[in-house]
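Using the working numbering, the first residue of the sequence shown is number 6, and each one after it goes up by one. Please read the structure below before turning to the comments.
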Amino acid sequence: MRDLAQNSPDGAAAGAVAGAPSDAVARQKAALRGRLCAARVALTAAERSDAGRRLRDAVLSLPEAGMAGTVAAYFSIGAEPATRSLVYALWKRGAYVLLPLLRPDNDLDWASYEGPDSVRPRPDGRHGLVEPVEPPRGPDTIARADLVIVPAIAVDRRGMRLGMGGGCYDRALARVGPLIATVALLYDGELVDAVPAAPHDRAVRVVAQPSAGVTRLPL
Ligand SMILES: Nc1ncnc2c1ncn2[C@@H]1O[C@H](COP(=O)(O)OP(=O)(O)O)[C@@H](O)[C@H]1O
Ligand SMILES: [Mg+2]
6 MRDLAQNSPD GAAAGAVAGA PSDAVARQKA ALRGRLCAAR VALTAAERSD AGRRLRDAVL
66 SLPEAGMAGT VAAYFSIGAE PATRSLVYAL WKRGAYVLLP LLRPDNDLDW ASYEGPDSVR
126 PRPDGRHGLV EPVEPPRGPD TIARADLVIV PAIAVDRRGM RLGMGGGCYD RALARVGPLI
186 ATVALLYDGE LVDAVPAAPH DRAVRVVAQP SAGVTRLPL
């Protein structure tokens, strides 16, 4: 297996739990994912949209958002905080917005958002994803973004991020330069002391939460 840590742009692989076998880390991640997802599922649609509005305002207040020509973002699914109004607002402000398309190998491709009619539910229904209809520009396109907004279930004080378990954003974030703001959108309480991490995991540099607003990491 190739050494994934060599791809780290910022030494994020240092977040590995020292000495912990990778299957133990995977089990710890699954347990934390289960707990936090159960709490998310209990939220109402109104709570998800309210969180989405507050997160939109927090992200738009970032200096990096004001300066960004290209923003990589995502369309929320399921119990995630709603991101539609953020994606729309970034586009309305004139940013070139990229949205991901999930590839069969769990890497992410990227295509442009050109307004509400430029996305549609994925034809195969996978994960209930809503994806852009514009032509995909390749997995490396994320490297062009001046601001990268990613989903997460939890982030810790180092910036280590827990995702849905596909490792898609570990692959994508490995292509993002060290000076780019990478922002994870969380509910309140999901910025935690420690997230189990393996050498392939990539950190984020900022989190946004509905009440707490923006936090820059590491703390
Ligand atoms: N860059 C990569 N190349 C190959 N496999 C990867 C890469 N990044 C992550 N993975 C794999 O994806 C799987 C899920 O990763 P994990 O970090 O648990 O998910 P998530 O980040 O979504 O929480 C792991 O088995 C991991 O080995
Ligand atoms: Mg990961």
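Think of the CB as a built atom: it goes at the ideal place given N, C-alpha and C, for glycine as much as any other residue. Note that this is a predicted model, so its numbers are computed, not measured.
In the three-state reduction of the DSSP assignment, T49 falls in the coil class, being assigned neither a helical nor a strand state. Taking a 10 Å sphere around the C-beta of K97, we find fewer than 16 other C-beta atoms and assign the residue as exposed.
Relative to the Cα of I154, the nearest Cα in the group A87, V30, Q33 and A47 belongs to A87.
For D206, the distance from the CB to the nearest heavy atom of ligand 2 is below 6 Å.
The count of Cβ pairs closer than 8 Å, one atom from the segment 99-116 and one from the segment 45-61, stays below three, leaving the stretches out of contact. Taking L224 as reference, the option from D55, D62, L184 and V160 with the minimal CA-CA separation is V160.
In this structure, the C-beta of D112 stays at least 6 Å away from each heavy atom of ligand 2. DSSP links I154 through a beta bridge to V188. Here the C-alpha atom of L107 lies approximately 30 Å from the C-alpha atom of A217.
Between the segment 48-55 and the segment 107-122 there are fewer than three C-beta pairs closer than 8 Å, too few to call the two in contact.
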